[in-house]
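Below: the structure, in structure tokens.
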Amino acid sequence: MGEKVAFIGLGVMGYPMAGHLAAAGHEVTVYNRTGAKADRWVGEHGGALAST
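This note's numbering puts the first residue of the sequence shown at 75, with every later residue one more than the last.
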């Protein structure tokens, strides 16, 4: 298992970057101002969601 990583902001650049980290085996927790986008990311990549 890789490192624990937190990613804030899942915009045009952040969404795929966080996905690559998850695919590389890192434990990724994400936060996005728009909760629906963060929920979608977690559904695709299986990471964790931070509420604040």
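Beta carbons are placed, not taken as given, at the ideal position from N, Cα and C, and that holds for glycine.
For clarity, every value in this text was computed on a predicted model and none was experimentally measured.
query	result
Who are the Cβ neighbours of GLY88 in its own chain at under 7 Å, not counting the five residues just before and after it?	PHE81
Of the choices VAL102, THR108, GLY85, LYS78, whose alpha-carbon is the least far from that of GLY120?	VAL102
Just grab the DSSP bridge partners of GLU77 for me.	DSSP lists no partner for GLU77.
What does DSSP give as the partner residue(s) for GLU118 in the beta ladder?	BP columns for GLU118 are empty, so no partner.
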